[in-house]
Each structure stands twice: as structure tokens, then as C-alpha cells.
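The block underneath contains the structure these notes are about, expressed in C-alpha cells.
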Amino acid sequence: MRLPRTDHTERPWRIHEIADDFKVEDVWALPTPGGPDDLALLVRQFAEGIKSGVNGDGFVSRVLFAIRWKLGALLGWDEPDADAEVRRACLRDRLPTDLRDGPRGPDLGSSPFTSLYQRDDEWAAEMANKTVQGVVHIGWVPDGSGGYHGQMAVLVKPNGPLGSLYMAAIKPFRYLGVYPALISSIGREWEANAATRGNAD
Numbered sequence: 016m017r018l019p020r021t022d023h024t025e026r027p028w029r030i031h032e033i034a035d036d037f038k039v040e041d042v043w044a045l046p047t048p049g050g051p052d053d054l055a056l057l058v059r060q061f062a063e064g065i066k067s068g069v070n071g072d073g074f075v076s077r078v079l080f081a082i083r084w085k086l087g088a089l090l091g092w093d094e095p096d097a098d099a100e101v102r103r104a105c106l107r108d109r110l111p112t113d114l115r116d117g118p119r120g121p122d123l124g125s126s127p128f129t130s131l132y133q134r135d136d137e138w139a140a141e142m143a144n145k146t147v148q149g150v151v152h153i154g155w156v157p158d159g160s161g162g163y164h165g166q167m168a169v170l171v172k173p174n175g176p177l178g179s180l181y182m183a184a185i186k187p188f189r190y191l192g193v194y195p196a197l198i199s200s201i202g203r204e205w206e207a208n209a210a211t212r213g214n215a216d
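Residue numbers (the numbering used here): 16 to 216.
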């Protein structure tokens, strides 16, 4: 379920201290019910998905991502450049001492994302390319019924006119195909993992 931006901005996340010049692009409730200490399980699942390139297993999602990566290769959107490395370093350099010295989060392999920090109730990872600098933020929030679930926010800072044009161009694809498929896939995997954990117990 898509949520208002205030569901992210009004919570006391530490990411606000680091990415206050980023726009909160999207906020979603994740179908990942759990207990108060289960964020680490969701982060591990999310990280494995990023590393393996799993972005939803529906046909529409696969087609949309294939088109996106082909366009990126054709237009050079995803090629690393010196500015991207500087932006990554600057964002990490914004971390307050306690976050810099604390757990950073999982290694995301050869994906474009890098973990920034991980706490008991939130995890953030960043990426940068020629179009945007972005942050994926996963929070762990009470559901009002004694349980908890994940909440995903996507924060972006477009890199000039090309970045703004790119974000506008992909907006309908994100809402019609990518996000629904991704969130559905996260929910199915979470449910399957919960069943496995239950059997192990």
C-alpha cells in the first residue's frame, strides 16, 4: 500500500539528519508482519534480493526492468563517473559519529547500492549514477495491533535536468508495474521465509 510522505517524514528516522536535501519520492507499507526485533531479517532478505538482481518476478516487472537497463546501457545512464563517486563519499561523510561507528549493514555485492547504516528500526542504502542519487530506506514500524511491519521510502536527488526528466519519464512505469511487482515479491518471500523459520523452530 502506498503511504503519504508524512508517514516517513514525521517519524524520527536518523536518515533525516543525512539526506535532508533529498526528496521523499515514494513511501510504501510492506507486507512483512513480524515482531519488534525482525528488521534484521527483512534487511537480509532485501539485501539478497538486491545482490541477486531480483526486482519482482512478474512478467510486466521483468519487461520493464529489461527496458530500463537496455536504455541505461544505450544512453550511458548507469556508467560510473567521478562525480558519482564524490556524491557517494559525501553522503557517507554526513553520517554522525554514532552511525559511522555502528553497524553499516549488509554488503550489497556488485549492485549499484551501498549500505549506509543499520539500526534496530531502520536501514539505509545509497546509489548514484548519471541521472540520480538515491536512497532506499527501510524502517520497522508498529502496526497498531501489537505487531510490526516494514516501511520502504525512496529518496532521490536528481542530477540536473537529465535526472529530473528521467524521474518524470519513469514515474508511470514505477507505479503501474515495478512497485506492485516488487512489493508483492517481497511479501511472498517474507511469508515463505516465515514458514521456513517456523518449521525450523
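Using N, Cα and C, we set each Cβ at its ideal position, and we do this for glycine too.
What does DSSP give as the partner residues of R17 in its beta bridges? Beta-bridge pairing links R17 to W43.
First through last residue of the beta strand (DSSP E) which encompasses T129: Judged by DSSP secondary structure, T129 falls within the beta strand (DSSP E) whose first and last residues are 129-133.
On the three-pair Cβ rule with 8 Å, is the stretch 50-65 touching the stretch 141-150? As far as the Cβ criterion goes, the stretch 50-65 does not touch the stretch 141-150, which means the pair count is below three.
Given a threshold of 16 other Cβ atoms within 10 Å of its Cβ, counted over all protein chains shown, does S130 qualify as buried or as exposed? Answer is buried; the Cβ neighbour count reaches 16.
For K172, which three-state DSSP category applies? In the three-state scheme derived from DSSP, where H, G and I count as helix and E and B as strand, K172 is classed as strand.
Own chain residues within Cβ distance below 6 Å of P127, not counting five before or after: So the list reads M142, once near-sequence residues are dropped.
Given this structure, state the Cα-to-Cα distance separating I185 from I201, to the nearest angstrom. The C-alpha of I201 is placed about 21 Å away from the C-alpha of I185.
Mind reading off the beta-carbon distance from Q133 to R119? Whole number of angstroms is fine, and I expect it under 8 Å. That belief holds up - the Cβ atoms of Q133 and R119 are roughly 7 Å apart, short of 8 Å.
The alpha helix (DSSP H) that contains E32, what's its start and end? Residues 30-33.
Straight-line Cα distance separating G161 from V101: Any reading at V101 needs caution, since the residue's pLDDT is 44, under 50, leaving its predicted position unreliable; the model's value is listed next. So the two alpha carbons sit approximately 43 Å from each other.
Inter-residue CB distance, P173 and M182 (contact presumed, cutoff 8 Å): Contact holds; Cβ gap of about 6 Å.
By the three-class DSSP mapping on this structure, what secondary structure does E204 have? Three-state result, E204: helix.
How would you call D53, buried or exposed, if buried means at least 16 neighbouring beta carbons within 10 angstroms? The residue in question, D53, is buried, as its Cβ has 16 or more Cβ neighbours within 10 Å.
Strand pairing of K38, partner residues [DSSP]: K38 is bridged by DSSP to V171.
In terms of residues, what are the limits of the alpha helix (DSSP H) holding T112? Run containing T112: 112-116, per the alpha helix (DSSP H) assignment.
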